[in-house]
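Protein chains in written order, with the numbering used here: chain P, 528 to 658; chain L, 182 to 431.
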């Protein structure tokens with residue numbers, strides 16, 4: 528039998544591996560969420576630096592930006608940021624523990640605990656941001 | 182008498198001569214005990230003899246009929262259609278080159294396993310006066326038997342979200358390495374530890390536990406990888422602390 532070019536097959540199949548959620552279990556969803564929140568936080572870091580650079584253009588420019596930050600859509604983005612940060616932190620702690628061979632049998636319970644903590648942090652942040 | 186119910190199968194097709202993969206659809210009559218493999222054989226025999234499928238034992242012990250159904254890795258011969266819905270999407274295992282349709286090249290899996298020495302122990306080699314499954318087989322022996330259940334079916338490699346990178350040793354090889362450390366049988370544990378202590382070895386795993394979730398034989402590769410890491414850390418920490426004390430004079 529003639530074989531397909533292995534390099535070709537491998538390349539084609541690698542593209543969407545971790546972004547294909549069909550049939551996946553909780554652990555992969557947590558892994559994907561951790562990766563996405565990580566990428567989001569890196570993007571935010573650069574956005575934050577760009578925003579801070581507005582200070583170089585004087586107080587008027589900065590005040591205009593602060594006004595924009597009070598818009599409900601931007602506040603909702605802030606809340607999303609807090610939720611992403613909380614998930615990345617709490618889940619990262621879980622992955623660090625499990626990845627060091629500690630509490631391996633409890634990884635699902637720890638994920639549930641991390642999710643509850645993320646919910647609580649997001650709730651408190653929502654009250655503080657929107658109240 | 183009414184006609185038997187049917188299920189629509191959407192099957193991945195790809196051959197060496199094809200420019201791109203495609204999905205072909207077949208409607209297959211099914212019964213309450215029809216398995217995925219039964220249905221695929223119905224497709225391949227009377228409808229499309231060109232469909233490439235690999236299978237052997239028909240009872241989940243050879244591991245050759247691994248594939249993805251609705252995105253999830255299964256052994257086709259022991260997976261019934263009940264609850265899979267309609268249509269059923271059938272694809273080859275991910276992370277391995279497709280030889281044809283639902284058949285992938287398993288060479289990478291075997292190559293990954295080779296350095297661990299493939300520590301498979303057959304039933305006749307088990308210790309204990311009671312023999313396999315006997316009353317003498319206590320909990321400790323059960324633990325030792327875990328990796329022997331590995332079918333080398335490759336479902337874990339397909340399910341792992343990072344095993345698409347061929348540099349990663351992958352769950353099956355790392356679990357085999359942990360098995361060697363557990364019971365060396367003459368192998369050198371230091372060599373095995375050196376082999377897995379690598380950015381693309383035990384440290385590449387992202388703890389998604391997908392490999393353990395899909396394993397049809399109850400092997401727990403993710404648990405084995407975490408035990409391996411604990412052992413590596415236990416070995417590494419004193420060395421790191423020792424180096425620190427050497428570099429920073431008191």
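For glycine and all other residues, C-beta sits at the position ideal for the given N, C-alpha and C.
The model shown is predicted, which means the values in this text are computed figures rather than measured ones.
Give the secondary structure of residue 632 of chain P by DSSP, where H, G and I count as helix, E and B as strand, and everything else as coil. Here residue 632 of chain P corresponds to residue number 105 of the first chain, with the count starting at 1. It is helical.
What does residue 551 of chain P touch in chain L if you count any residue whose Cβ is under 7 Å from its own? To locate residue 551 of chain P, count along the first chain from 1; it is residue 24. Within 7 Å Cβ-Cβ: 391.
Using a Cβ-Cβ cut-off of 7 Å (strictly less than) and excluding sequence neighbours within five positions of residue 391 of chain L, which residues of its own chain qualify? As a position in the second chain, residue 391 of chain L is number 210, starting the count at 1. The answer, listed in chain order, is 340, 341 and 342.
Closer than 9 Å, Cβ to any Cβ of chain P: which residues of the stretch 330-359 of chain L, in chain order? 340, 341, 342, 343, 344, 345, 346 and 347
Tell me whether residue 634 of chain P is buried or exposed, calling it buried when 16 or more other Cβ atoms sit within 10 Å of its Cβ. If you number the first chain from 1, residue 634 of chain P lands on position 107. Buried, by the Cβ-count rule.
For the stretch 583-645 of chain P, list the alpha helix (DSSP H) runs that are entirely contained and at least 4 residues long, ordered along the chain. 586-596 and 599-626
Neighbour flag for residue 645 of chain P against chain L, beta carbons, 8 Å: Looking up residue 645 of chain P in the first chain gives position 118. No - not a single Cβ of chain L is within 8 Å of the one on residue 645 of chain P.
Contact set between residue 558 of chain P and chain L, taken where Cβ atoms lie within less than 7 Å: The sequence position of residue 558 of chain P within the first chain is 31, counting from 1. Ordered by position in chain L, the residues that pass the 7 Å Cβ test against residue 558 of chain P are 342, 387 and 389.
Where residue 279 of chain L falls: helix, strand or coil (DSSP): Here residue 279 of chain L refers to the residue found at position 98 when the second chain is read from its first residue. DSSP places residue 279 of chain L in strand when its eight states are reduced to three.
Please list, in chain order, the residues of the stretch 597-630 of chain P that have any C-beta partner in chain L closer than 8 Å. 622, 625, 626, 627, 628 and 629
Other residues of its chain near residue 254 of chain L: CB distance less than 6 Å, five sequence neighbours each side excluded: Sequence index remark: in the second chain, residue 254 of chain L carries index 73 (1-based). So the qualifying residues of the chain are 336, 339, 340 and 395.
In the structure shown, what three-state DSSP assignment does residue 204 of chain L receive? For the purposes of this step, residue 204 of chain L is identified with residue 23 of the second chain, where counting begins at 1. Three-state result, residue 204 of chain L: strand.
8 Å Cβ cutoff, residue 564 of chain P in contact with chain L: Residue mapping note: residue 564 of chain P aligns to position 37 of the first chain, counting from 1. No, because no Cβ of chain L sits closer than 8 Å to the Cβ of residue 564 of chain P.
If we ignore side chains and look at the alpha-carbon of each, how far apart do residue 366 of chain L and residue 623 of chain P end up? If you number the second chain from 1, residue 366 of chain L lands on position 185. If you number the first chain from 1, residue 623 of chain P lands on position 96. Roughly 32 Å between the two C-alpha positions.
Could you work out which residues of chain P lie near residue 248 of chain L, taking near to mean beta carbons separated by less than 8 Å? Stepping through the second chain from its first residue, residue 248 of chain L is reached at position 67. Those do not exist, as residue 248 of chain L stays about 12 Å from chain P at its closest Cβ, beyond 8 Å.
For the pair the stretch 243-252 of chain L and the stretch 264-271 of chain L, tell me if three or more CB-CB distances fall below 8 Å. yes
To be precise: take each residue of the stretch 401-428 of chain L, compare its Cβ to all Cβ atoms of chain P, and keep it if any distance is under 7 Å. Which residues remain? Per Cβ criterion, the list reads 404, 407, 408, 410, 411 and 414.
My understanding is that residue 488 of chain L touches residue 361 of chain L, with C-beta atoms under 8 Å, so please give their C-beta distance in whole angstroms. This structure does not reach residue 488 of chain L, given that chain L is present from 182 up to 431, and the question cannot be answered.
Could you give the first and the last residue of the continuous alpha helix (DSSP H) run that contains residue 288 of chain L? On the second chain, residue 288 of chain L is found 107 positions in, with the first residue counted as 1. Counting along the chain, the unbroken alpha helix (DSSP H) around residue 288 of chain L starts and ends at 288-294.
With 16 other CB atoms within 10 Å as the buried threshold, where does residue 422 of chain L fall? Looking up residue 422 of chain L in the second chain gives position 241. Residue 422 of chain L should be labelled exposed.
Nearest chain P C-beta to residue 252 of chain L closer than 8 Å, yes or no? As a working mapping, residue 252 of chain L is identified with position 71 in the second chain. Taking a beta-carbon distance threshold of 8 Å, residue 252 of chain L counts as an interface residue toward chain P.
What three-state label does DSSP hand residue 247 of chain L in the structure shown? If you number the second chain from 1, residue 247 of chain L lands on position 66. Here residue 247 of chain L sits in strand by DSSP.
Closer than 8 Å, CB to CB, is residue 398 of chain L near chain P or not? Indexing the second chain from 1 puts residue 398 of chain L at position 217. No, no contact with chain P.
Who are the neighbours of residue 394 of chain L on chain P, taking C-beta pairs under 9 Å? Within the second chain, numbered from 1, the residue matching residue 394 of chain L stands at position 213. Within chain P, the residues near residue 394 of chain L are 551, 552, 553, 554 and 555.
Put residue 234 of chain L into one of helix, strand or coil per three-state DSSP. One-based indexing of the second chain puts residue 234 of chain L at position 53. Residue 234 of chain L: coil per DSSP, three-state reduction.
Have a look at the DSSP bridge pairing and note the partners of residue 191 of chain L. Here residue 191 of chain L is taken as the residue at index 10 of the second chain, counted from 1. Beta-bridge pairing links residue 191 of chain L to L:206 and L:270.
So residue 330 of chain L packs on residue 398 of chain L, CB below 8 Å; how close in whole Å? As a working note, residue 330 of chain L is residue 149 in the second chain. As a working note, residue 398 of chain L is residue 217 in the second chain. The distance from the Cβ of residue 330 of chain L to that of residue 398 of chain L is about 4 Å, consistent with a contact at the 8 Å cut-off.
For residue 347 of chain L, I'd like the list of residues in its chain whose CB is within less than 8 Å of its CB, leaving aside the five on either flank, ordered along the chain. The residue given as residue 347 of chain L occupies position 166 in the second chain. For residue 347 of chain L, where only same-chain residues beyond five positions count, the Cβ hits under 8 Å are 289.
Give the residues of chain L in contact with residue 634 of chain P, contact being defined as C-beta atoms less than 9 Å apart. On the first chain, position 107 is the one that residue 634 of chain P refers to. Correct list: 388, 390, 403 and 407.
Leaving out five residues on either side along the sequence, give the residues of the same chain with a beta carbon under 6 Å from the beta carbon of residue 564 of chain P. Here residue 564 of chain P corresponds to residue number 37 of the first chain, with the count starting at 1. Once the five neighbours on either side are set aside, the close Cβ partners of residue 564 of chain P are 611, 614 and 615.
Through-space distance from residue 371 of chain L to residue 578 of chain P, alpha-carbon basis: Here residue 578 of chain P corresponds to residue number 51 of the first chain, with the count starting at 1. Here residue 371 of chain L corresponds to residue number 190 of the second chain, with the count starting at 1. For residue 578 of chain P and residue 371 of chain L, the distance between alpha carbons rounds to 52 Å.
So does the stretch 214-233 of chain L actually touch the stretch 635-653 of chain P, counting three or more Cβ pairs closer than 8 Å? Taking 8 Å as the limit for Cβ pairs, the verdict is that the stretch 635-653 of chain P does not touch the stretch 214-233 of chain L.
Within 8 Å (strictly less), CB to CB, does residue 590 of chain P reach chain L? Stepping through the first chain from its first residue, residue 590 of chain P is reached at position 63. No, no contact with chain L.
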